[in-house]
Every structure is written in structure tokens, then in C-alpha cells.
Amino acid sequence: MGLSLRAGIASDVGEYRETNQDAAFAASWGAGVADGVGGGPAGDLASAALVHRLVSGGASVADAAELAVRIRAANWDLAAHVRRDPALAGMATTFTGVWFTRSGALLLAHTGDSRAYLLRDGHLTRQTRDDSFVQVLVEHGIVREEDAMTHPRRNIITASLRGDADDLVRISTRIPVRHDRWLLCSDGVSDYLPDDAIAAVVASADDPAVAAQLVVAAALQAGSRDNVTAVVADVVDGPPTGEPPLFGGAAADRFRESFDAVAG
Numbered sequence: 310m311g312l313s314l315r316a317g318i319a320s321d322v323g324e325y326r327e328t329n330q331d332a333a334f335a336a337s338w339g340a341g342v343a344d345g346v347g348g349g350p351a352g353d354l355a356s357a358a359l360v361h362r363l364v365s366g367g368a369s370v371a372d373a374a375e376l377a378v379r380i381r382a383a384n385w386d387l388a389a390h391v392r393r394d395p396a397l398a399g400m401a402t403t404f405t406g407v408w409f410t411r412s413g414a415l416l417l418a419h420t421g422d423s424r425a426y427l428l429r430d431g432h433l434t435r436q437t438r439d440d441s442f443v444q445v446l447v448e449h450g451i452v453r454e455e456d457a458m459t460h461p462r463r464n465i466i467t468a469s470l471r472g473d474a475d476d477l478v479r480i481s482t483r484i485p486v487r488h489d490r491w492l493l494c495s496d497g498v499s500d501y502l503p504d505d506a507i508a509a510v511v512a513s514a515d516d517p518a519v520a521a522q523l524v525v526a527a528a529l530q531a532g533s534r535d536n537v538t539a540v541v542a543d544v545v546d547g548p549p550t551g552e553p554p555l556f557g558g559a560a561a562d563r564f565r566e567s568f569d570a571v572a573g
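Residue numbers (this note's numbering): 310 to 573.
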């Protein structure tokens with residue numbers, strides 16, 4: 310019968326930002342969050358362009374190598390934007406996403422400090438490592454894990470997609486289980502909600518779209534000073550379909566044109 314995703318997106322510019330530099334997509338075959346790097350030019354363009362280029366290649370991938378090629382092509386698109394407009398030099402974005410292969414495995418791709426969490430049997434576990442300066446300090450015992458959320462340099466990231474050939478995305482293979490719930494979120498969520506609070510909110514609604522809205526609302530209530538984006542995706546019975554993906558954040562704001570259904 311196969312498995313697929315039933316997903317929802319919520320994204321909010323927040324009370325302290327003028328533009329939403331987060332972008333997200335969700336479909337039956339995959340989902341992802343990209344966060345334009347703060348302090349650089351056109352973060353909203355970087356995240357939105359990456360997301361749309363990724364999904365325009367079609368729904369299915371054969372394996373991690375094919376997904377890596379697709380991400381690399383989307384990353385080269387960022388470089389093409391810069392070549393057309395040198396004022397965009399330095400724009401960059403994080404990316405965290407999950408993607409079904411044609412054989413039914415689930416791929417997890419990650420670079421930057423957006424995060425993926427897995428809720429399985431009521432237990433939430435973080436599935437990604439932050440590519441950040443503070444994460445390095447935590448791993449070396451210089452900063453305690455519980456202090457990382459409030460560290461003044463927590464927003465310094467050590468990896469992103471910038472259109473450079475040496476940009477690194479880690480891709481791992483996971484075995485999907487029916488009733489798994491994935492949360493993909495920008496650091497506007499994870500910098501303001503501890504994991505136990507995230508777990509409670511993610512599990513509080515049956516509908517993934519409602520759960521995503523609740524995660525964003527909780528982060529805003531906690532005083533998030535960033536854009537706030539969440540994708541909640543449930544693993545459900547049935548193979549992926551060719552229906553077009555949903556878009557959120559900058560991916561919806563900057564690119565309003567309709568997309569035909571993607572098919573593998």
C-alpha cells in the first residue's frame with residue numbers, strides 16, 4: 310500500500326520583523342523549511358527560490374544521491390540570482406526537509422539551524438544537529454544545553470546554502486512508521502520553546518495543520534523575536550500523490566504563480 314505524508318504549514322512574520330524570510334512547502338511526498346540567513350541580503354528570496362526550485366524537479370527521488378543532486382541544482386540557482394544581480398551577493402538560507410523515495414524510504418536533509426523533530430509513540434526526539442557556533446560550544450562542554458537558547462551568539466550558523474560548490478547538506482535515510490509525526494521548524498520556534506514544550510504542543514492536535522498553527526502560536530506567545538514557521542507532517546497509509554505542494558512564508562509571498570502537479 311505504501312506510506313505518504315499528510316501535512317500542514319503555519320508561518321508568521323512575527324512582531325519584530327518587517328519581512329518573512331522563512332519559506333516552507335508540504336506535500337504527500339515531502340516537506341521542508343528554509344530560513345533566509347539573517348543579516349544577509351534578500352533572505353526571503355534565498356529561502357523561497359530554493360524551496361520552489363526543489364519542488365519543481367518533481368515529486369519522487371530514487372535515493373539520497375538523487376536528492377543531493379536536486380538540492381545542489383537548487384543551490385546553484387541561488388548563485389544564478391547573484392550573477393544576475395550582484396547586490397544579492399551573500400544571500401543564503403538554511404534547509405531542513407524530509408522526502409520519500411520511490412522505494413518507500415524517508416530521506417532527511419539538513420543544513421543550518423532549522424530543525425527536524427520526530428514524535429513517535431508519544432516521545433519527541435530531535436533528529437538534526439544545529440550547524441551553529443553555540444552547538445559547537447555545547448558539544449565542547451563550554452555552554453550547557455539548557456543555556457544554549459539564551460546565548461547571545463546563538464544565531465551564528467556554521468553551514469548554509471549560499472550557491473557555493475562546497476556548501477554541505479547532510480542526507481540520511483530513515484524508516485518511516487505509520488503514525489509518526491514530523492515537525493520541521495525554523496529557529497523562531499526552537500530558540501524560544503524548549504523541547505518538552507514543543508512535544509506537548511505538537512501532540513495536542515490530531516490535525517497536522519492545526520498542530521502547526523499551535524506551534525507557531527506558542528512560539529509567538531513565548532516572545533519569539535524572529536519569523537516563526539512550522540510544518541507538521543504525519544506518516545499515513547497510501548502512496549504519495551501528484552497533487553501540488555502547499556507553500557508557506559516567503560515561498561507563498563514571493564511566488565504566487567500556480568504550479569502544475571508534480572509527478573515522479
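The beta carbon of each residue, even a glycine, is placed where N, CA and C say it ideally should be.
For residue 451, does the three-state DSSP call read helix, strand or coil? coil
From 404, 319, 411, 498, pick the residue whose C-alpha is nearest to that of residue 517; which is it? 319
Candidates 429, 472, 554, of which the one nearest residue 395 by Cα: 472
Distance check for residue 476 and residue 377, CA to CA, integer angstroms please. 11 Å
Can you find the residues in the same chain that come closer than 7 Å, C-beta to C-beta, to residue 576, ignoring five residues on each side of it along the sequence? For the chain, the structure presents residues 310 to 573; residue 576 sits outside this window and is missing.
Could I get the ranges of all uninterrupted alpha helix (DSSP H) runs contained in the stretch 456-543, with 4 residues as the minimum, in chain order? As far as the stretch 456-543 is concerned, its whole alpha helix (DSSP H) runs of at least 4 residues are 496-499, 504-511, 517-530.
Taking DSSP as the reference, what is the three-state secondary structure of residue 547? Of the three classes helix, strand and coil, the one that applies to residue 547 here is coil, per DSSP.
Answer yes or no: do residue 357 and residue 316 have a C-beta to C-beta separation smaller than 7 Å? no
Coil, strand or helix - residue 435 by DSSP: strand
Could you compute how far the alpha carbon of residue 547 sits from the alpha carbon of residue 452? Annotation: residue 547 to residue 452 spans about 44 Å, alpha carbon to alpha carbon.
For residue 568, count the other beta carbons within 10 Å of its own beta carbon; 16 or more makes it buried, fewer makes it exposed. Which is it? Confidence in residue 568 is poor, its pLDDT being 40 and thus under 50, which makes the residue's placement too unreliable to answer from.
Quick check on residue 344: does DSSP put it in helix, strand or coil? strand
If contacts are defined as beta-carbon pairs under 8 Å, then residue 360 and residue 341 qualify, I think. What distance do you get, rounded to the angstrom? 6 Å
Inter-residue CB distance, residue 410 and residue 440 (contact presumed, cutoff 8 Å): Wrong, their Cβ atoms sit about 24 Å apart, outside the cutoff.
Residues in the same chain with beta-carbon distance under 7 Å from residue 585, minus the five sequence neighbours each way, listed in chain order, please. Only positions 310 to 573 of the chain appear in this structure, which leaves residue 585 out of reach.
My understanding is that residue 474 touches residue 402, with C-beta atoms under 8 Å, so please give their C-beta distance in whole angstroms. 16 Å between Cβ atoms; not a contact.
Does the beta-carbon distance from residue 323 to residue 536 come in below 7 Å? yes
Euclidean distance between Cα positions of residue 380 and residue 336: 17 Å
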